[in-house]
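In what follows, a single structure is set out as structure tokens and then discussed.
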Amino acid sequence: MVSYGVFLQRELRLLARQKSDWLNPVLFFIIVLTLFPIGVGPEPNMLRIMAPGIVWIAALLSVLLAAERLFKDDYRNGVIEQLVAARHALQPFVLAKISANWLSTGLPLVLLSPLVALLFNLELPALQAMALTLLLGTPVLSLLSVLGAAITVSADKGGILLALLILPLYIPLLIFASAAIEAASMGLAYQGQLAILMAIVLFALALVPMAVCSALKINVS
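Structure below.
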């Protein structure tokens, strides 16, 4: 049986060859955050108020941008079908996909948080809250985007369908992450929002990989 580590090495090699798969979402995130202050004006208080929602909307759209092609090549090349036919456990393959997706899209967004603070004139408490919410929330973005990609893998043009399926699931994450950053910017405690985000992460980690495996099996059966 092929291990998780072997699958992860394979995914990282593919990302090294296909740089656009991870560069495009990161560049999209940077472009959105750069253009928004230019569009609404440089007024510091307005930017600070709008920053939580803007950052998280840009983050979820960036992750969604890379989601459609997650399983497409493996589906067309018969890799998924071979794994299912050979009765290999799909769990290591799926977990490697999720890990590689987060390393290529979620982690760069966390590392770019100081740039966001500079653009939106955020103070240190708000920056810390934003970094923590991104660290907790981006794995959920990756998990849900992988789930959407698995469900729509056999669709010829599954991008719109994927967005319709997954975007509603992002709403609780968007609400609590934005609320945590807003509370920090006002000097209020935000540990409750972080606890809810942690619960969402654990719930998604427990259920989503199994749902992805089932979706892939259904699509190749």
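For the sequence shown, counting from 1, position 94 maps to 94 in full-length UniProt numbering; every step adds exactly one. Where is the CB? At the ideal position from N, CA and C, for every residue including glycine. Predicted, not measured: the structure shown is a model, and the values here were computed from it.
message: Comparing C-alpha positions only, which one of Phe120, Leu135 and Ile30 sits nearest to Ile49?
response: If you number the sequence shown from 1, residue 49 lands on position 49. Answer by Cα proximity: Phe120.
task: Could you give the DSSP three-state label for Gly192: helix, strand or coil?
output: Within the sequence shown, the letter at position 192 stands for residue 192. Helix.
- request: Using three-state DSSP, classify residue 227 as helix, strand or coil.
  value: Residue coverage of the chain in this structure runs from 1 to 221, which leaves residue 227 outside it and unanswerable.
- prompt: Between Leu144 and Leu169, is the Cβ-Cβ spacing less than 9 Å?
  reply: Numbered from 1 along the sequence shown, position 144 holds the residue referred to as residue 144. Numbered from 1 along the sequence shown, position 169 holds the residue referred to as residue 169. Between Leu144 and Leu169, the gap from beta carbon to beta carbon is short of 9 Å.
- prompt: DSSP three-state call for Gly78: helix, strand or coil?
  reply: Against the sequence shown, residue 78 aligns to sequence position 78. For Gly78, the secondary structure class from DSSP, reduced to helix, strand or coil, is coil.
- prompt: What is the DSSP secondary structure of Val220, counted as helix, strand or coil?
  reply: Sequence index remark: in the sequence shown, residue 220 carries index 220 (1-based). Three-state DSSP puts Val220 in a helix.
- request: Enumerate in chain order the residues of its own chain whose CB-to-CB distance from Ala204 is below 6 Å, with the five nearest sequence positions on each side excluded.
  value: In the sequence shown, counting from the first residue as 1, residue 204 sits at position 204. Val140 and Leu143.
Where Arg48 falls: helix, strand or coil (DSSP): For this step, residue 48 is matched to residue 48 along the sequence shown. DSSP places Arg48 in helix when its eight states are reduced to three.
message: Helix, strand or coil, according to DSSP, for Asn121 in the structure here?
response: Position 121 of the sequence shown holds residue 121. Residue state, collapsed to three classes: coil.
query: What number of angstroms, rounded off, separates the C-alpha of Lys19 from the C-alpha of Ala184?
result: Residue 19 sits at position 19 when you count from the first residue of the sequence shown. Residue 184 sits at position 184 when you count from the first residue of the sequence shown. When rounded, the distance between both Cα atoms is 36 Å.
field: Closest by C-alpha distance to Asp21, when choosing among Glu182, Glu43, Met210 and Ser104
entry: Residue mapping note: residue 21 aligns to position 21 of the sequence shown, counting from 1. Among Glu182, Glu43, Met210 and Ser104, the Cα nearest to that of Asp21 belongs to Ser104.
Expected contact under 8 Å - CB spacing of Glu11 and Lys97 to nearest Å: On the sequence shown, residue 11 is found 11 positions in, with the first residue counted as 1. On the sequence shown, residue 97 is found 97 positions in, with the first residue counted as 1. Contact annotation, Glu11 with Lys97: C-beta distance approximately 6 Å; criterion of less than 8 Å satisfied.
- prompt: Can you give the beta carbon distance from Val63 to Gly106, rounded, assuming they're within the 8 Å contact cut?
  reply: Taking the first residue of the sequence shown as 1, we reach residue 63 at position 63. Taking the first residue of the sequence shown as 1, we reach residue 106 at position 106. Right, their Cβ atoms sit about 7 Å apart.
DSSP state of Asp21 mapped onto helix, strand, coil: In the sequence shown, counting from the first residue as 1, residue 21 sits at position 21. DSSP places Asp21 within a helical segment (H, G or I) once states are collapsed to three.
For Pro172 and Pro25, the rounded distance between their alpha carbons: As a working note, residue 25 is residue 25 in the sequence shown. As a working note, residue 172 is residue 172 in the sequence shown. One C-alpha to the other measures close to 22 Å.
message: Nearest by alpha-carbon distance to Ala59: which of Tyr75, Ser99, Phe28 and Asn45 is it?
response: Translated into positions along the sequence shown, residue 59 becomes position 59. Considering only Tyr75, Ser99, Phe28 and Asn45, the residue with the shortest C-alpha distance to Ala59 is Phe28.
task: Along the alpha helix (DSSP H) that carries Phe93, what are the first and last residues, could you check?
output: Taking the sequence shown and counting its residues from 1, one reaches residue 93 at position 93. It spans Leu90 to Asn101 - the alpha helix (DSSP H) in which Phe93 sits, taken as one unbroken run.
- request: Quick one: grab the DSSP three-state call for Asp156.
  value: Sequence index remark: in the sequence shown, residue 156 carries index 156 (1-based). The answer is coil: DSSP assigns Asp156 none of H, G, I, E or B.
field: Pick from Leu194, Asn45 and Gln91 that is closest to Ala206, judged by C-alpha positions
entry: The sequence position of residue 206 within the sequence shown is 206, counting from 1. For Ala206, the nearest C-alpha among the options comes from Gln91.
- request: Indicate whether Ala67 and Ile166 have their beta-carbon atoms separated by less than 9 Å.
  value: Counting from one through the sequence shown, the residue named residue 67 turns up at place 67. Counting from one through the sequence shown, the residue named residue 166 turns up at place 166. Contact check for Ala67 against Ile166 passes: the beta carbons are separated by less than 9 Å.
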